[in-house]
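Participant: Residue numbers (full-length UniProt numbering): 1 to 303. No residue lacks a Cβ here, since even glycine has one placed at the ideal position from N, Cα and C. Dropping a structure here in structure tokens format, bear with me for questions.
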């Protein structure tokens with residue numbers, strides 16, 4: 001009996017020694033491969049430092065210098081000078097509004113397209129996602145064709161009421177343009193997320209007596225919330241920095257991308273252009289980080 005226990009203890013000790021030896025060999029192998037791994041990262045790190053880190057560091061430092069118009073630090077001038085503050089606020093309002101409306105409308109459309117099969121569905125999906133292929137300049141041109149001086153709305157209102165109705169050259173036109181290229185992003189994201197939904201949870205909720213709206217509120221929306229939050233954040237970030245559409249619709253709009261362009265190109269005010277650029281980038285980064293935390297929390301809660 002004693003010899004049997006001794007044999008088992010010896011075999012256990014031998015197994016521990018073998019495991020420790022294997023771990024030591026794995027660790028030594030990792031150390032040997034580490035120079036090769038670091039060498040493989042050199043091109044990416046070089047590109048990152050040369051084309052992002054160094055220019056952005058220079059941009060941040062430039063924004064700390066006094067603005068040539070107001071004499072105050074450029075970052076402080078962003079919130080102290082009315083024209084820059086209004087530009088920031090209008091950009092935020094338009095971007096938030098576009099994100100919320102795109103998620104609300106295109107989210108429903110994406111869920112419907114993912115759950116239903118009908119003739120012509122592939123063509124409809126292709127048409128709804130086709131704007132992803134358009135650059136911002138083309139989107140702005142399409143808005144002008146709809147709400148410009150010679151657009152469809154102006155001609156229709158002239159025919160009926162004798163006056164031209166236009167919205168293309170205002171923040172309303174910019175809102176429509178941003179919404180135009182945000183909707184396809186939401187639709188594609190929601191359709192992909194719907195493929196991973198557990199239908200058995202919906203069936204279980206219905207078997208317990210839950211109605212359609214209750215299932216939607218308690219099962220479907222929580223399951224899709226990470227995708228909705230993520231795509232909403234992407235729409236927000238895209239709208240914050242979109243330049244082509246705003247430039248096509250009019251350079252006098254009070255939005256950050258046009259303010260940066262005007263300060264840099266028209267007035268050679270590089271300090272203020274740098275401060276506005278950093279402000280836009282920081283706000284967008286904060287929004288994306290916050291959305292990533294919310295999406296991760298939703299994922300963890302749903303799991």
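Taking residue 202 and residue 220 to be in contact with their CB atoms under 8 angstroms, please state how far apart those CB atoms are, rounded to whole angstroms.
Facilitator: So it is a contact: roughly 7 angstroms between Cβ atoms.
Participant: Are the CB atoms of residue 284 and residue 139 nearer to each other than 7 angstroms?
Facilitator: No, Cβ-Cβ distance for residue 284 and residue 139 is not below 7 angstroms.
Participant: Express the C-alpha separation of residue 162 and residue 294 in angstroms, rounding to a whole number.
Facilitator: Their Cα atoms are separated by approximately 51 angstroms.
Participant: Give me the Cα-Cα distance between residue 286 and residue 96, rounded to the nearest whole angstrom.
Facilitator: About 14 angstroms.
Participant: Across the segment 68–81 and the segment 200–219, are there enough close Cβ pairs to call them in contact, namely three or more that are closer than 8 angstroms?
Facilitator: No, because fewer than three Cβ pairs between the segment 68–81 and the segment 200–219 fall closer than 8 angstroms, the two stretches do not touch.
Participant: Helix, strand or coil, according to DSSP, for residue 135 in the structure here?
Facilitator: In the structure shown, residue 135 sits in coil (DSSP, three-state: anything other than H, G, I, E or B).
Participant: State the Cα-Cα distance for the pair residue 242 and residue 147, rounded to the nearest angstrom.
Facilitator: Cα to Cα, residue 242 sits roughly 20 angstroms from residue 147.
Participant: DSSP has residue 66 in a bridge; who is on the other side?
Facilitator: For residue 66, which the question treats as bridged, DSSP gives the partners 73.
Participant: Could you pull out every residue in the same chain whose Cβ sits closer than 7 angstroms to the Cβ of residue 259, ignoring the five residues on either side in sequence?
Facilitator: Closer than 7 angstroms at Cβ, skipping near neighbours: 84, 87 and 276.
Participant: Excluding the 5 residues flanking residue 290 on each side, which residues of the same chain have their C-beta closer than 6 angstroms to its C-beta?
Facilitator: Cβ neighbours of residue 290 beyond the five flanking positions: none.
Participant: What does the alpha-carbon distance come out to for the pair residue 91 and residue 111?
Facilitator: Rounded to the nearest angstrom, the two C-alpha atoms are 29 angstroms apart.
Participant: Curious, which full-length alpha helix (DSSP H) runs of at least 4 residues does the segment 241–299 contain?
Facilitator: The segment 241–299 contains these whole alpha helix (DSSP H) runs: 244–249 and 256–261.
Participant: With residue 115 as the anchor, note down where its alpha helix (DSSP H) starts and where it stops.
Facilitator: Unbroken alpha helix (DSSP H) run through residue 115: 82–115.
Participant: Could you tell me the distance, in whole angstroms, from the CA atom of residue 66 to the CA atom of residue 213?
Facilitator: If you take the alpha carbons of residue 66 and residue 213, they lie about 56 angstroms apart.
Participant: On the CB-based measure, 16 or more other CB atoms within 10 Å of its CB, does residue 178 come out buried or exposed?
Facilitator: That one is buried.
Participant: With a 10 Å radius around its C-beta and 16 neighbouring C-beta atoms as the bar for buried, classify residue 235 as buried or exposed.
Facilitator: Buried, by the Cβ-count rule.
Participant: Check residue 178 in the structure and name its three-state DSSP category.
Facilitator: Residue 178 falls in the helix class under three-state DSSP.
Participant: Kindly indicate the opening and closing residues of the alpha helix (DSSP H) around residue 201.
Facilitator: That run of the alpha helix (DSSP H) goes 199–207.
Participant: Could you tell me whether the segment 222–237 touches the segment 115–131, where touching means 3 or more Cβ pairs closer than 8 angstroms?
Facilitator: No contact exists between the segment 222–237 and the segment 115–131.
Participant: If you check the beta carbons only, do residue 280 and residue 256 fall under 7 angstroms apart?
Facilitator: Cβ atoms of residue 280 and residue 256: closer than 7 angstroms.
Participant: Just mark residue 273 as buried or exposed, buried being the case when its beta carbon has 16 or more other beta carbons within 10 Å.
Facilitator: Its Cβ being crowded by 16 or more others within 10 Å, residue 273 is buried.
Participant: Between the beta-carbon of residue 249 and the beta-carbon of residue 168, is there less than 7 angstroms?
Facilitator: Yes, the Cβ-Cβ distance between residue 249 and residue 168 is below 7 angstroms.
Participant: Nearest by alpha-carbon distance to residue 292: which of 229, 199, 261 and 174 is it?
Facilitator: Considering only alpha carbons, the answer is 229.
Participant: From residue 310 to residue 191, what does the alpha carbon distance come to, in whole angstroms?
Facilitator: No statement about residue 310 is possible, as the shown extent of the chain runs from 1 to 303 and does not include it.
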